[in-house]
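Working notes, structure below.
Number of protein chains: 8
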Amino acid sequence: MNTKELKFFLKKIRDGKIDIETGINKLRNLSYIDLGCAKLDTHRELRVGYPEVIFCQGKTKEQVKTIIQAMIKGNANILATHADEEFFAAVKEFCPAAVYNPLARTITMTRKKLRPSKNYIAVVTAGTSDLPVAEEAAVTAEISGNRVERIVDVGVAGIHRLLDKLDLIRGARVIIAVAGMEGALPSVIAGLVDKPVIAVPTSVGYGASFQGVAALLAMLNSCAGGVSVVNIDNGFGAGCMASLINKLK
Amino acid sequence: MNTKELKFFLKKIRDGKIDIETGINKLRNLSYIDLGCAKLDTHRELRVGYPEVIFCQGKTKEQVKTIIQAMIKGNANILATHADEEFFAAVKEFCPAAVYNPLARTITMTRKKLRPSKNYIAVVTAGTSDLPVAEEAAVTAEISGNRVERIVDVGVAGIHRLLDKLDLIRGARVIIAVAGMEGALPSVIAGLVDKPVIAVPTSVGYGASFQGVAALLAMLNSCAGGVSVVNIDNGFGAGCMASLINKLK
Amino acid sequence: MNTKELKFFLKKIRDGKIDIETGINKLRNLSYIDLGCAKLDTHRELRVGYPEVIFCQGKTKEQVKTIIQAMIKGNANILATHADEEFFAAVKEFCPAAVYNPLARTITMTRKKLRPSKNYIAVVTAGTSDLPVAEEAAVTAEISGNRVERIVDVGVAGIHRLLDKLDLIRGARVIIAVAGMEGALPSVIAGLVDKPVIAVPTSVGYGASFQGVAALLAMLNSCAGGVSVVNIDNGFGAGCMASLINKLK
Amino acid sequence: MNTKELKFFLKKIRDGKIDIETGINKLRNLSYIDLGCAKLDTHRELRVGYPEVIFCQGKTKEQVKTIIQAMIKGNANILATHADEEFFAAVKEFCPAAVYNPLARTITMTRKKLRPSKNYIAVVTAGTSDLPVAEEAAVTAEISGNRVERIVDVGVAGIHRLLDKLDLIRGARVIIAVAGMEGALPSVIAGLVDKPVIAVPTSVGYGASFQGVAALLAMLNSCAGGVSVVNIDNGFGAGCMASLINKLK
Amino acid sequence: MNTKELKFFLKKIRDGKIDIETGINKLRNLSYIDLGCAKLDTHRELRVGYPEVIFCQGKTKEQVKTIIQAMIKGNANILATHADEEFFAAVKEFCPAAVYNPLARTITMTRKKLRPSKNYIAVVTAGTSDLPVAEEAAVTAEISGNRVERIVDVGVAGIHRLLDKLDLIRGARVIIAVAGMEGALPSVIAGLVDKPVIAVPTSVGYGASFQGVAALLAMLNSCAGGVSVVNIDNGFGAGCMASLINKLK
Amino acid sequence: MNTKELKFFLKKIRDGKIDIETGINKLRNLSYIDLGCAKLDTHRELRVGYPEVIFCQGKTKEQVKTIIQAMIKGNANILATHADEEFFAAVKEFCPAAVYNPLARTITMTRKKLRPSKNYIAVVTAGTSDLPVAEEAAVTAEISGNRVERIVDVGVAGIHRLLDKLDLIRGARVIIAVAGMEGALPSVIAGLVDKPVIAVPTSVGYGASFQGVAALLAMLNSCAGGVSVVNIDNGFGAGCMASLINKLK
Amino acid sequence: MNTKELKFFLKKIRDGKIDIETGINKLRNLSYIDLGCAKLDTHRELRVGYPEVIFCQGKTKEQVKTIIQAMIKGNANILATHADEEFFAAVKEFCPAAVYNPLARTITMTRKKLRPSKNYIAVVTAGTSDLPVAEEAAVTAEISGNRVERIVDVGVAGIHRLLDKLDLIRGARVIIAVAGMEGALPSVIAGLVDKPVIAVPTSVGYGASFQGVAALLAMLNSCAGGVSVVNIDNGFGAGCMASLINKLK
Amino acid sequence: MNTKELKFFLKKIRDGKIDIETGINKLRNLSYIDLGCAKLDTHRELRVGYPEVIFCQGKTKEQVKTIIQAMIKGNANILATHADEEFFAAVKEFCPAAVYNPLARTITMTRKKLRPSKNYIAVVTAGTSDLPVAEEAAVTAEISGNRVERIVDVGVAGIHRLLDKLDLIRGARVIIAVAGMEGALPSVIAGLVDKPVIAVPTSVGYGASFQGVAALLAMLNSCAGGVSVVNIDNGFGAGCMASLINKLK
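Residue numbers (my numbering), protein chains in the order written: chain L, 620 to 868; chain B, 620 to 868; chain W, 620 to 868; chain C, 620 to 868; chain Z, 620 to 868; chain D, 620 to 868; chain R, 620 to 868; chain F, 620 to 868.
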């Protein structure tokens, strides 16, 4: 339940449209549901503005299944990240409406109609190889109700490609800049626009990229203000942060 | 010149209130001014929403003086960071209006009247030792025209202190959470509020804190969404990012 | 042989219930047994309070088999860690009583009846993905004769789940807190209880978690006193340490 | 207030020995006192078993003074760590009873009479250079009401010195083992005794000791069970953990 | 002696203009001169194209003096790097012609007239704080007989400053790009010009810049071809490499 | 289009040999072609002296195919690196002229006849295991129109092998020195020749080689001037840099 | 050819037992043989006391085959390390006398009869999992003509096992001490014997052992003199070093 | 007492030249002397072949004084390392015979006449800046009774200097090779001689030398066999190890 739904629910109680017994049952699960292997945080959307998300890595298929089945009983849109094809096959069995994005490695179930925001989030990538992380960010933002514009392969090796797309980037309310290797893109963008830039380092590269550490450090040391950084390959975190910013009134 | 000032200027040209010659001289410095040891980016405020800031570390007193003197000829509010008492003494000589904040190690000159925003930024610290970095963030945000609320010493070793201040934190539009050592504060806050959290690791600690690396890593790996991170001890960057977010309409 | 058994044995010698020859044979193996590929430390339980444990990683199946067969000739409860299904199959062949815990990846053989302690050890995990490590700790503690209470998925992203279980955690004599990612859980617990907390970082996470280093550093830098740390993913070490503490009179 | 004192206080209220007004004033400060630069956690002793401790590093003398003056109004024993001679001089001015330990770099004020425990904590060092950290651990343990036995300079380069002191070490309820360089001491001790060992790496060494990282890693990778580790040079943390263990009933 | 001088010398021997005895004495020192604390590599210029250079750090003033005095007996231009004011004072005593560059921290003695090349080396810096390293590169290149163009403070936070200087940069035969913090400048330049770029990371920055490691990694991972990298703050190495390239026929 | 081709094209326009419509269509793609998953930088050769190269790692076969098909419509020689046999099979299907080098893991298509330079680049390896990286460098240099001399297995463990090949190395215009393990080869070569040396560390080694970090650091710290370094295993970057140097007039 | 063989050969020349032509052919290969993919250092044994050894990792089977076939034409004993079963199968085909040690992962061919030294090298391991590295050291030492005594599984968790074998260890001329995890064994041994100790860290362990880094650092920081260290898992290097020491007269 | 002295002493007892009471007093201190702040290992020379050495760093002047005064009562030669001028002044007061080596930073007292060995140890340095570490090694070896030959500044930037000294190096029984920066010297030497090489990395360098880590890694990864390594700047350890080897019969 988000804040709006909670208000709606409490009004119904006040107006006698929901009887007390039903109300108690409903509220009993407001805090969390104990699934044995997990405590589903059903209170999260009300508290922090987005529902719990399933991070599949390190979980068994059985555990993921248990969690999703419990979530389906609620009403939130469902997002599972770091999900490979096998996880999706397991989910698909009991939930035919589930959708898989093989690039982003996400499973989504849209249970409440999405009404995309008018403001948009720009998701910009330095290279083609950064697409999986960028796509995870975009999917996360979209299922949270944001409009997203994707701008692909505009890294600093050919900066005219970036300049060519500058108006589209400047028009966004918040920018997610995704880059591996030397991770220069967010700094260059932040030097050209007056919007907050969320930098996402990716593990694209080899040798002294140290699985994304080079890009991470570059972004943390940006000489341009207005840049903050999430974990390497953390498209989800960037999407989440951008959504909170984009929804500010 | 920021966008508003530029509009005002162009209207005056249109209306003949400023003659062409004067206009040309004014615009000549719109892009940057070459000072020899530096190229003052006078175009920055118009482009990215905040004027150039002087990072004193690694510069000589003479260089800082040259840059500030050039900035004074403009009209922007001036902020110098990482400035020790000696730098301030040198600036004070030719600029008596300069103000020094010894905790934040900033020099400020307020040349355009600040009209603080209605929305506020919450600057929260885990411990007393994190105050210098937090204060740099607060000073940066304030000189950029934001209202700031400071909440001090509410780290996770005594979490009731944090819960006691939760309403004040929740009321902010964006939160800057400053912590050294294990850096858990931003994760705990982000699990309790529905606003973007900018995490600032500090170098407070010793041994395996590795001058703030422990806190930095903890913040990058936050299990809570809605957290993004700036460099260790980078109060300025956090203040800058928060200001961009707080000013979004 | 543990201290109690050794006393019992020496009394029997004194009372003539065991003849000298038999006694000598028994004591000959008190120190260690040379198996060629290993020197089985049969003296360990007497010396440090728990019998030798087989760390399977890096050993061949043949070596593990040799060691377990030698241990079976003694009387101690047997624990093998880091054992995959193949190791278990090999052990099962000659030891049908062996039990495999696929989550903890342990093989156990309970040869002396366990009489669980009245005091209990609380094993607390931040997330579902931390369960394998937590389970290794719990299995280790249980086969050493301790009662264990498991509290799952109470990480700081939804701190109300932790507060809800606080009484159960406070009731323990010693707490094992298992967490990956930002590793904040042990600090938060240690700020709320007056019992020793053994922190176990896990390799759960990605990117800048550096296979558990982020969590390890966070735990080493805990701002709360009363926390000490074991190696990343070292459920065994935590169970062992907790058992020594729980058994103190 | 610790648990015992709280009981005593509540009984007095019940018995009318303290009037309600006085009681309210007393309890008002039970949670924390806001000092501006810090929130003194007056509730800590009641909650976690030991009062708040002042970590001087990164604080100004003025801040430390403010905090200690507030603590003096309470009744707890006071411990300040990482305090150099200058801090002590500042404290001495308003608090003549303060005691400085130059080796441990601690300031202590014993306000409640210490009744040392019967069980003792053994503090063992590998070398003479490890003494400052060991002494911080000992001072912390002693002001928390524990008896401490110090065993100095018994590192593995001359292991007969350790074996000579083994009975004294075995007699402790919990052992703090302090070592720099290769950090082997805790492993060797833990292989010889049946008590929990808290390992403290020190920054003693040079080159590839990396200010204590070598010792830290060695201790985390101990092949002996029953070892857990605190931060490099963290004598305070070790003393705190050992005290919690030693006080278990 | 460089190749040209050696040819000249051998011709003189052939033509009888230098007698054999004198020739032998001259050639005796061709290989190296043993100074006790050092073996002066007098053969270096002939072999690798530039004379030996004195790296002052870690040497005593006495040793530097001994080496320079031996070099003065030869005919090469002399360059000492990492020299503070004290070293210069010591050199100045016996060598009044020595010149000190306080920014570059170099001592130079021009003993053979410099005839600057027609082609120039562009030395470009991201910020004002990078000047000391850039200046060391420029001094090294100049004393090796190269023309140098300096372009200061054109980092990516205000990329229009770089674009404004692009013609001057493109006109160079080889480019030295000096940057600290996120180290993006060499990548951006290499994406815009068709000349070899030598990237020099500087230790400018703080926190996660790790004394220049962030910039170093960024440069090693440049997405643009045509970039190679020297050590952090290694202006000398960059000047040397650029000189070898600039002198290629 | 490179500079020569562009001149040729513009002359044809001037002379009416290409009509305006055709010209416009041709120039439309001069900047970049948007392929959805990538923005092909068709302007690169004109700008930086070599055409865009496909880095296969992290891309799908479908993406690589799309990019190569777009490049085939142009006229440049094509180079794809980090390509395994599967990528080659996919390319071979639609482009039978493609050539695979299994050691270098490159795919090449020579579409403009190569006219190797008279000057040559020496590619020198320390050991046999360094051959794949060396070969990538050689292939890159060759398809860019350079003559290459390969000198294999002349590492410092048997330095007479290197001295034996010194004349061949000295004859080059620029030297690529490839080494793993302790990475000493470039320093030794740079101490013996007067040409620029591009050092390429390889990930050959184990343990404390840290996948090439040991070699990388050794090369960055070369005591010999005239060495600059590219990323670990970055044969492509070295070939690219060497080609730019070799083509200088 | 080693020194002895070379003397023998030159005497035969002197005495006319080998004619000049044959002599020239023999000496032609004294320096190195160029195999295309490698330069076989046939001069190595004469120069450094042991023949070239084939490090298989990173080489193709074809390359290893070429090298071994060339070595077979000489007379030296052959050792190939880091060889898996597949390499052995390939070698076995053309060289039926080759012997494979699956634990050490070595291929050996004894072509000159080994006459083991009277002095022996002690190879001591901390645990069973360290055996592969220890065995590589032992095989290397044995094929170089040394007697080896193996002492297995005497790590510090049960130090009585080490003390029990002390006489055998003290009797050696040089000791190879092999340990993973906390790597304490070499320090403890070096504190007990008056012979040089070569420490070999192994990658045995997990988590913060960082693939042997913990053990490596511990060994480098040994508080006992008389310890030097080779690379992680470098059994070969240790065997080689020990052999050079053991053969000193 | 070393072995020889112990034999001599026991013979005197046997022959009645020392009475029993005197003998007991003498032997009482054979094991160790407890000095409070240290346990002087008087048994060390007998056990490991060299007497205890005082590592001054991290000790107070008072502690060093106490230890030296206790050692003076014995008969061993005394060596204190890492001693600055202040330590020496303090020692000089009560021990006028003490000698200070300011380069090596050692204090020595020769109490038993040194009879240098016939075999010598070669101490070789790459550069002048490596002299302090090399000198510590030489002093250590000399006070242990070895002859030492010093060869200075023969690093790989001018390899002819090394080749010129090859005979002197080859004549040694064991070689200590000291180098900072890229640390290539030990590998090159080990490829040219048939004696054990002890490599000592120094912290000479800057930037990516990481205070000697670059040299350390290079040495650990030496492609030449017959190299083992001690800690960064550990001249003492190298001297100690070389002495043990040089004294082997």
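A virtual CB, placed ideally from N, CA and C, is assigned to each residue, including glycine.
Cutoff 8 Å: F:Met800 Cβ touching any chain D Cβ: The count along the eighth sequence starts at 1 and reaches residue 800 of chain F at position 181. In terms of beta-carbon proximity, F:Met800 lines the interface with chain D, with at least one pair separated by less than 8 Å.
Using beta carbons (cut-off 8 Å, strictly below), is B:Asn621 in contact with chain Z? Locating residue 621 of chain B in the second sequence gives position 2, where the first residue counts as 1. So no, B:Asn621 is outside the interface.
Classify W:Ala708: buried if its beta carbon has 16 or more other beta carbons within 10 angstroms, exposed otherwise. Residue mapping note: residue 708 of chain W aligns to position 89 of the third sequence, counting from 1. Here W:Ala708 is exposed, its C-beta having fewer than 16 other C-beta atoms within 10 Å.
Chain-order list of residues whose beta-carbon lies under 6 Å from that of F:Ser862 (same chain, five-residue window excluded): Locating residue 862 of chain F in the eighth sequence gives position 243, where the first residue counts as 1. Taken in chain order, the residues that qualify are Ala760, Ser763 and Asn765.
Residue-chain proximity (L:Ile788, chain Z), Cβ-Cβ < 8 Å: As a working mapping, residue 788 of chain L is identified with position 169 in the first sequence. False, the Cβ-Cβ gap to chain Z never drops below 8 Å.
Looking only at its own chain, which residues have a Cβ that is under 7 Å from the Cβ of B:Asn694, when we skip the five neighbours before and after it? Counting from 1 along the second sequence, the entry for residue 694 of chain B is found at position 75. Answer for B:Asn694: Arg730 and Lys731, listed in chain order.
Contact defined as beta carbons within less than 8 Å: I believe C:Arg734 pairs with W:Leu867. What is the distance between those atoms, to the nearest angstrom? Against the fourth sequence, residue 734 of chain C aligns to sequence position 115. Against the third sequence, residue 867 of chain W aligns to sequence position 248. With a Cβ gap of about 20 Å, C:Arg734 and W:Leu867 do not count as contacting.
Taking 8 Å as the threshold (C-beta atoms), are F:Leu787 and F:Ile770 in contact? Numbered from 1 along the eighth sequence, position 151 holds the residue referred to as residue 770 of chain F. Numbered from 1 along the eighth sequence, position 168 holds the residue referred to as residue 787 of chain F. Between F:Ile770 and F:Leu787, the C-beta gap is smaller than 8 Å, which places the two residues in contact.
Inter-residue spacing [alpha-carbon to alpha-carbon] between D:Gly802 and F:Ala837: Numbered from 1 along the sixth sequence, position 183 holds the residue referred to as residue 802 of chain D. Numbered from 1 along the eighth sequence, position 218 holds the residue referred to as residue 837 of chain F. Separation of D:Gly802 and F:Ala837 (C-alpha to C-alpha, rounded to the nearest whole angstrom) is 7 Å.
Pair every Cβ in the region 841-861 of chain C with every Cβ in the region 823-833 of chain C, then say whether three or more of these pairs are closer than 8 Å. Taking 8 Å as the limit for Cβ pairs, the verdict is that the region 823-833 of chain C does touch the region 841-861 of chain C.
Considering only DSSP beta bridges, list what D:Leu659 is partnered with. Taking the first residue of the sixth sequence as position 1, residue 659 of chain D is located at position 40. According to DSSP, D:Leu659 bridges with D:Ile652.
Using 8 Å as the cut-off, can you tell me whether the region 687-707 of chain F makes contact with the region 667-676 of chain F, which would need three or more C-beta pairs spanning the two stretches below that distance? Touching, yes.
At a CB-CB cut-off below 8 Å, which residues of chain L make contact with D:Lys658? Here residue 658 of chain D is taken as the residue at index 39 of the sixth sequence, counted from 1. Within chain L, Val771, Asp772, Val773, Gly777 and Arg780 have C-beta atoms less than 8 Å from the C-beta of D:Lys658, given in sequence order.
Kindly indicate if chain W contains any beta-carbon less than 8 Å away from that of L:Tyr651. As a position in the first sequence, residue 651 of chain L is number 32, starting the count at 1. Chain W, which has a Cβ nearer than 8 Å to the Cβ of L:Tyr651, makes this yes.
Exposed or buried, what is Z:Ala717 when buried is set at 16 or more other beta-carbons lying within 10 Å of its beta-carbon? As a working note, residue 717 of chain Z is residue 98 in the fifth sequence. When all chains shown are included, Z:Ala717 counts as buried.
Within 8 Å of any Cβ in chain D, is that where the Cβ of R:Arg663 sits? By 1-based counting over the seventh sequence, the position of residue 663 of chain R is 44. So yes, R:Arg663 belongs to the interface.
R:Val797 and R:Val812 - do their beta-carbons sit closer together than 8 Å? What you label residue 812 of chain R is simply residue 193 of the seventh sequence in a count that begins at 1. What you label residue 797 of chain R is simply residue 178 of the seventh sequence in a count that begins at 1. Cβ distance not < 8 Å, so R:Val812 and R:Val797 don't count as in contact.
With a cut-off of 8 Å on the beta carbons, I'd call D:Met860 and D:Ile817 a contact; round off their distance for me. The sequence position of residue 860 of chain D within the sixth sequence is 241, counting from 1. The sequence position of residue 817 of chain D within the sixth sequence is 198, counting from 1. With a Cβ gap of about 5 Å, D:Met860 and D:Ile817 count as contacting.
Evaluate B:Phe706 with the Cβ neighbour count: other Cβ atoms within 10 Å of its Cβ, from every protein chain shown; 16 or more gives buried, anything less gives exposed. As a working note, residue 706 of chain B is residue 87 in the second sequence. The residue in question, B:Phe706, is buried, as its Cβ has 16 or more Cβ neighbours within 10 Å.
By Cβ distance, which residues of its chain are closer than 8 Å to F:Lys658, with the 5 residues on each side in sequence left out? One-based indexing of the eighth sequence puts residue 658 of chain F at position 39. The residues are Tyr651 and Ile652.
In the DSSP assignment, the alpha helix (DSSP H) including L:Met860 goes from what residue to what residue? As a position in the first sequence, residue 860 of chain L is number 241, starting the count at 1. In the DSSP assignment, L:Met860 falls within the alpha helix (DSSP H) that extends over Gly854 to Asn865.
Start-end ranges of the alpha helix (DSSP H) lying completely within the region 657-698 of chain B, minimum 4 residues: Counting only runs that start and end inside the region 657-698 of chain B, the alpha helix (DSSP H) elements of at least 4 residues fall at 663-667 and 680-692.
Alpha carbon of B:Asn738 to alpha carbon of B:Gly790, nearest angstrom: On the second sequence, residue 738 of chain B is found 119 positions in, with the first residue counted as 1. On the second sequence, residue 790 of chain B is found 171 positions in, with the first residue counted as 1. Here the alpha carbon of B:Asn738 sits roughly 9 Å from the alpha carbon of B:Gly790.
How about B:Leu804 and B:Val775: do their beta carbons lie closer than 8 Å? The residue you call residue 804 of chain B lines up with position 185 of the second sequence. The residue you call residue 775 of chain B lines up with position 156 of the second sequence. Less than 8 Å divides the Cβ of B:Leu804 from the Cβ of B:Val775.
Only counting the same chain, and skipping five residues up and downstream in sequence, which positions put a Cβ closer than 7 Å to that of B:Gly845? Numbered from its first residue, the second sequence carries residue 845 of chain B at position 226. So the qualifying residues of the chain are Ala809, Pro815 and Val816.
Skipping 5 residues on each side, what residues in its chain have a beta carbon closer than 7 Å to that of R:Val767? For the purposes of this step, residue 767 of chain R is taken as residue 148 along the seventh sequence, with counting starting at 1. Tyr739, Ile740, Val742, Ala757, Ala760 and Glu761.
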